[in-house]
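Asks:
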Amino acid sequence: MKDAPGVAGPGRGAAKRVVRQGPRGNPTDEGAYDVRVDLSREQGAAPSGSGRAALIVNTRSRSGERVFFRALDLLQEMKVPLGATYAIRDPARLPETVREVMDDGSGYETLILGGGDGSVSSVVDFLAHRHATLGLLPLGTANDFARTLGIPSEVEAACDTIANGKVVDVDLGLAGDNYFVNVASVGLGVGATEALTPWAKKNIGALAYPVAAVRAFLRHEPFTARLVFPDGDHEPVEHERLLQVAVGNGRYYGGGMVVAPGSGIDDRLLDVYAITLGRHRDLFGVARYLKSGDFIRNESVSQYRTARVRLETDPPLAVNIDGELVARTPQNFSVADNALKVLVPQDSTAAHRHL
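In terms of full-length UniProt numbering, the sequence shown opens at residue 1 and continues consecutively.
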């Protein structure tokens, strides 16, 4: 791969740091990258296609900018054969960058991604059912995908997982043809996403999620939903005066809330639940147990476990897919089993080892 702004050539050596910025500190090259890291060639550097890794960091994530060089140094110290590095200031360029890395013929076997849940979700379409393994540096606000898999948030431990961890197979959810790693939802989750500001995520961290949820609840309009199960494992059902319908793939969402007790990311099933907008004290009871997942035992919550479900709503609603509003109801949901390979700690029990 030829050197380009934000790209390092093959090899693993001492990093030469060159920061390239435009006027007022803005990055050059249309704002895509602001850091170019040259890894000098050394004898013994991994040849093209020989287990090499590409490092791509969203430096606009909560701690991405300060972590980038630290992670680069650690990965080199741990002898991870880096072939290219990208520091991305504009998150909108992240999917394009991953696609280019995956399709340029260099044969990278590991894609190391630094970012939060939004970063993972935005690039998973280019990794699903592909040869490359995902290594994750959790740099976001919630990091629910990393939490599901037991990947540590500390940069040193996360780098050690990439260097010395094991590869597991995990499921992905599908909303139509859009992959998701954590949860897709309609109702309150959409309102919370709209109320969740970048300022809040950056300055108050995980607390931004419950604050946004409260703001969304205060202006929420109840809706009706019909759930149809194509495989016949449940009867079609209609729910009225709903607060939210969620379809979960992983174990956690919204900054550490549990989708459902016993939910897993390699069980080839989706966890679906509908919350009825009842008395305020009932909703407080639901909120009280969101962290543990025990909220599904509340009488205002209906829960289903299935591989496929069709969601219809009245009125039609936007669908929140891992924090992005990219679809509307009616919507078909399904599970893509063993769709993604991920590096996790050796002692992680979240998913089965890749064979």
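Glycine included, each C-beta is placed from N, C-alpha and C at the ideal position.
Assuming residue 344 and residue 161 make a contact with CB atoms under 8 Å, what is their CB distance in whole Å?
Replies: The pair is a contact, with the Cβ atoms about 7 Å apart (cut-off 8 Å).
Asks: Apart from the five residues just before and just after residue 120, which ones in its own chain have a Cβ nearer than 6 Å to its Cβ?
Replies: 145, 181
Asks: Going residue by residue through the UniProt domain "DAGKc" (48-179), where are the continuous alpha helix (DSSP H) segments of at least 4 residues, counting only ones entirely within it?
Replies: List check, alpha helix (DSSP H) in window: 64-77, 94-103, 117-123, 144-149, 155-164.
Asks: Are there 16 or more other CB atoms within 10 angstroms of the CB of residue 78, so buried, or fewer, so exposed?
Replies: Label assigned to residue 78: exposed.
Asks: Should residue 237 and residue 184 be called a contact, given that it needs their Cβ atoms to be closer than 8 Å?
Replies: no
Asks: Could you check what DSSP says for residue 188 in three-state terms: helix, strand or coil?
Replies: helix
Asks: Just curious, the beta strand (DSSP E) that residue 262 is in, first and last residue?
Replies: Element bounds for residue 262: n/a, residue is neither H nor E.
Asks: Could you pull out every residue in the same chain whose Cβ sits closer than 7 Å to the Cβ of residue 156, ignoring the five residues on either side in sequence?
Replies: 74
Asks: Let me know the secondary structure DSSP gives residue 355 once reduced to three states.
Replies: Under the three-state reduction of DSSP output, residue 355 falls in the coil class, being neither helix nor strand.
Asks: Using the three-state DSSP reduction, which class does residue 334 fall into: helix, strand or coil?
Replies: Three-state result, residue 334: strand.
Asks: Quick check: what's the CA-CA separation for residue 170 versus residue 143?
Replies: 16 Å
Asks: Taking only three categories from DSSP, how would you classify residue 244?
Replies: In this structure, residue 244 counts as strand in the three-state DSSP scheme.
Asks: Compute the Euclidean distance between the alpha carbons of residue 309 and residue 81, then round it to the nearest angstrom.
Replies: 42 Å
Asks: Between residue 125 and residue 86, how many whole angstroms is the CB-CB distance? I'm expecting something under 8 Å.
Replies: Rounded, the Cβ-Cβ distance is 18 Å, inconsistent with contact.
Asks: Taking all protein chains shown into account, decide if residue 164 is buried (16 or more other Cβ within 10 angstroms of its Cβ) or exposed.
Replies: exposed
Asks: Do you know offhand how far residue 271's Cα is from residue 224's?
Replies: 19 Å
Asks: Enumerate in chain order the residues of its own chain whose CB-to-CB distance from residue 352 is below 8 Å, with the five nearest sequence positions on each side excluded.
Replies: 168, 169, 266
Asks: Could you name the residues of the same chain whose beta carbon sits closer than 8 Å to that of residue 172, not counting the 5 residues immediately before and after it, in chain order?
Replies: Around residue 172, the same chain offers 124, 128, 179, 180, 181, 249, 335, 336, 339, 340 as residues with beta carbons nearer than 8 Å, after the five sequence neighbours per side are excluded.
Asks: Is the CB-CB distance between residue 186 and residue 317 below 8 Å?
Replies: yes
Asks: Look up residue 346 in the DSSP assignment and say whether it is helix, strand or coil.
Replies: It is coil, neither helix nor strand.
Asks: DSSP state of residue 318, grouped into three classes?
Replies: strand
Asks: Could you check what DSSP says for residue 277 in three-state terms: helix, strand or coil?
Replies: coil
Asks: Judging by CA-CA distance, which residue of 320, 262, 115, 330 is the nearest neighbour of residue 226?
Replies: 330
Asks: Considering only the alpha carbon of each residue, which of 305, 97, 65, 245 lies closest to residue 233?
Replies: 305
Asks: Between 177, 111, 131, which lies nearest to residue 332 when the distance is taken from Cα to Cα?
Replies: 177
Asks: Please look up how many angstroms separate the CB atoms of residue 72 and residue 55, rounded, as I've assumed it's under 8 Å.
Replies: 7 Å
Asks: Less than 8 Å between the beta carbons of residue 149 and residue 348, yes or no?
Replies: yes
Asks: For residue 220, which option in 243, 230, 141 has the closest C-alpha, if you only look at C-alpha atoms?
Replies: 243
Asks: Let me know the secondary structure DSSP gives residue 268 once reduced to three states.
Replies: coil
Asks: How far does the beta strand (DSSP E) with residue 224 in it extend, from its first residue to its last?
Replies: 223-228
Asks: What three-state label does DSSP hand residue 181 in the structure shown?
Replies: coil
Asks: Have a look at residue 321 and residue 70 and give me their C-alpha separation to the nearest angstrom.
Replies: 31 Å
Asks: State the DSSP-derived secondary structure class of residue 307, mapped to helix, strand or coil.
Replies: coil
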